[in-house]
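**Q** Right, I'll just put the structure down here and ask away after.
Residue numbers (the working numbering): 734 to 833.
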């Protein structure tokens, strides 16, 4: 337990303090297309990572994104990271049922 309603989202923000474009504002910005997502999200944080000397193997990778929701192109799915059973399993089950 922690001081925050959702510790996972708090830790995403804290862990990415050096390169804030990896997290954005945690709650994702409005995106209209996959092309826009790659250009405005993935390419932006990849450029920022490259500036600080990140290895090429993590550049342009969707899993680097630490927003609350990310596209997983390989699986053609959205990964909703705000669902965190460590906080409240009942709310996670309710949210899963609602999304389904």
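Using N, Cα and C, we set each Cβ at its ideal position, and we do this for glycine too. This one's a predicted model, so the numbers in the text were calculated from it and none came from an experiment.
Comparing C-alpha positions only, which one of 755, 765 and 800 sits nearest to residue 776?
**A** Per the Cα distances, 755.
**Q** Check whether the Cβ atoms of residue 752 and residue 782 lie closer than 8 Å to each other.
**A** Contact: yes.
**Q** If I'm right that residue 802 touches residue 811 with Cβ under 8 Å, what's the distance once you round it to whole angstroms?
**A** Residue 802 to residue 811, Cβ: 6 Å. Contact.
**Q** Ends of the beta strand (DSSP E) at residue 811?
**A** Run containing residue 811: 810 to 813, per the beta strand (DSSP E) assignment.
**Q** In the DSSP output, which residue or residues are listed as bridge partners for residue 804?
**A** BP columns for residue 804 point to 811.
**Q** Go through its chain and collect everything with a Cβ distance to residue 785's Cβ below 8 Å, but skip five positions before and after it.
**A** So the qualifying residues of the chain are 751 and 752.
**Q** Below 8 Å between beta carbons: does that hold for residue 799 and residue 745?
**A** Contact: yes.
**Q** For residue 749, which residues of its own chain have a beta-carbon under 8 Å away from its beta-carbon, when the five flanking residues on both sides are left out?
**A** Here the set comprises 755, 756 and 799.
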